[in-house]
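Asks: One point on numbering: in numbering that gives the first Met the number 0, the residue at position 51 of the sequence shown is 50, and numbering is uninterrupted.
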Amino acid sequence: MAGKRTVEFAESALLDLEALRAWYVEQGVPEVGARFVAEIVARIEQLAAFPESGRIVPEFGLESLRELIHPPFRIVYRIGAAKIWIVRVWRNERLLKMPG
0 MAGKRTVEFA ESALLDLEAL RAWYVEQGVP EVGARFVAEI VARIEQLAAF
50 PESGRIVPEF GLESLRELIH PPFRIVYRIG AAKIWIVRVW RNERLLKMPG
C-alpha cells in the first residue's frame with residue numbers, strides 16, 4: 000500500500016461548498032448547510048488513506064476520476080501520484096461534462 004496522499008481542493012470545489020452553505024442559509028436552515036459541509040469534509044479526509052474508495056465516475060469511465068456519494072451530493076475527485084484533487088461537490092442528479 001502506498002503512503003497517504005495529500006488532499007487539496009480545486010477552486011471549483013471550494014465554490015461549490017460555499018454555494019451549498021449559502022443556499023441553506025437562504026432557505027433559513029443554516030445549521031443544515033453547516034452539517035452537510037462538515038459531513039462532506041469528513042468524507043473527503045478519508046481519501047488521503049483510501050483514495051480508491053470512491054466509484055469511477057460513470058460519465059467518464061476513467062480510473063483516476065472518482066466520486067463519493069454523500070446523498071444528495073457527489074464529491075468528485077481526481078487521484079494523482081501524490082495528491083487527491085477534490086474537483087466538484089454537486090447534487091447527485093447533476094451530470095458532469097468535459098470542459099471544452
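Virtual Cβ for every residue (Gly too), placed ideally from N, Cα, C.
Smallest Cα separation from P71: which of P29, G60, E38 and V24?
Replies: As a working note, residue 71 is residue 72 in the sequence shown. The shortest Cα separation from P71 among P29, G60, E38 and V24 belongs to E38.
Asks: Give me the residue from P50, Q26, L16 and R20 with the minimum Cα distance to A81.
Replies: Indexing the sequence shown from 1 puts residue 81 at position 82. Of P50, Q26, L16 and R20, the residue nearest in Cα terms is P50.
Asks: List, from N- to C-terminal side, the beta strand (DSSP E) runs of 3 residues or more that fit wholly inside the region 6-93.
Replies: 64-69, 72-78 and 82-90
Asks: May I have the straight-line CA-CA distance separating G99 from V40, to the nearest angstrom?
Replies: As a first step, residue 99 must be located in the sequence shown, where it is residue number 100. As a first step, residue 40 must be located in the sequence shown, where it is residue number 41. At G99, the pLDDT of 46 sits below 50, so the modelled position is not reliable; the number obtained from the coordinates is stated separately. Approximately 29 Å, taken between the alpha carbons.
Asks: Would you please state the rounded distance, in angstroms, between the beta carbons of V88 and A12? I believe it to be under 8 Å.
Replies: Counted from its first residue, the sequence shown places residue 88 at position 89. Counted from its first residue, the sequence shown places residue 12 at position 13. So it is a contact: roughly 6 Å between Cβ atoms.
Asks: With 9 Å as the threshold, decide whether the Cβ of E7 is near any Cβ in chain C.
Replies: Annotation note: the requested chain C is absent from the structure, which comprises a single protein chain.
Asks: Taking the C-alpha atoms as reference points, what is the distance between E44 and E7?
Replies: On the sequence shown, residue 44 is found 45 positions in, with the first residue counted as 1. On the sequence shown, residue 7 is found 8 positions in, with the first residue counted as 1. Cα to Cα, E44 sits roughly 10 Å from E7.
Asks: Within the same chain, show all residues whose beta-carbon is closer than 8 Å to that of W22, passing over the 5 residues directly before and after it, in chain order.
Replies: Position 23 of the sequence shown, counted from the start, is the residue given in the question as residue 22. Cβ contact annotation for W22 (same chain, cutoff 8 Å, sequence separation greater than five): G32, in chain order.
Asks: With distances taken from CA atoms, which of L16, L19, A47 and I68 is nearest W84?
Replies: Position 85 of the sequence shown holds residue 84. When only C-alpha atoms are compared, the closest one is A47.
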